[in-house]
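Peer 1: Starting off with a structure, shown below.
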Amino acid sequence: MRHQQTIATARGAAPGAGAAVRTVACEALFASELPLAGRLAADEINTAIRDALQLFGRRGCLERVAQEYGDHPDLAIARMRRAVAAVASCTPPEPG
Numbered sequence: 178m179r180h181q182q183t184i185a186t187a188r189g190a191a192p193g194a195g196a197a198v199r200t201v202a203c204e205a206l207f208a209s210e211l212p213l214a215g216r217l218a219a220d221e222i223n224t225a226i227r228d229a230l231q232l233f234g235r236r237g238c239l240e241r242v243a244q245e246y247g248d249h250p251d252l253a254i255a256r257m258r259r260a261v262a263a264v265a266s267c268t269p270p271e272p273g
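234 is the number that my numbering gives to position 57 of the sequence shown; each next residue is one higher, with no gaps.
Here you go:
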């Protein structure tokens, strides 16, 4: 539960923000310097998300995602898939 709360609180989102929080987390993880190959510990994922948000801000993370999709679409797609999987591995599924 601690790791799930870290992702939500790192963004300052209200509990239950669900998909929006995960989206920001994925963008921040994508923008981070963390290599997304192999299995990652939840602490590594949360630290990378927190650090990227502190360094770039929400908008800056999104800008880095957009830049990579423009410059290297094939690599960006693969990195985002790994970011989504990593965030999903340490967050509960959306109810519904």
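All C-beta atoms, glycine included, are put in the ideal place defined by N, C-alpha and C. All values reported here derive from a predicted model rather than from experimental measurement.
Whole angstroms is fine: what's the gap from residue 233's alpha carbon to residue 245's?
Peer 2: A direct Cα-to-Cα measurement between residue 233 and residue 245 gives close to 15 angstroms.
Peer 1: Assess, as a yes-or-no matter, whether the segment 203 to 217 is touched by the segment 244 to 258 under the definition of 3 or more beta carbon pairs within less than 8 angstroms.
Peer 2: By the Cβ rule, the segment 244 to 258 counts as touching the segment 203 to 217, because three or more pairs are nearer than 8 angstroms.
Peer 1: Output the distance between the C-alpha atoms of residue 196 and residue 243, rounded to the nearest integer angstrom.
Peer 2: 19 angstroms
Peer 1: If you draw a straight line from the C-alpha of residue 188 to the C-alpha of residue 252, how long is it?
Peer 2: Any reading at residue 188 needs caution, since the residue's pLDDT is 46, under 50, leaving its predicted position unreliable; the model's value is listed next. About 26 angstroms.
Peer 1: Whole angstroms are fine: how far does the CA of residue 208 sit from the CA of residue 236?
Peer 2: In this model, residue 236 and residue 208 are separated by some 11 angstroms (Cα to Cα).
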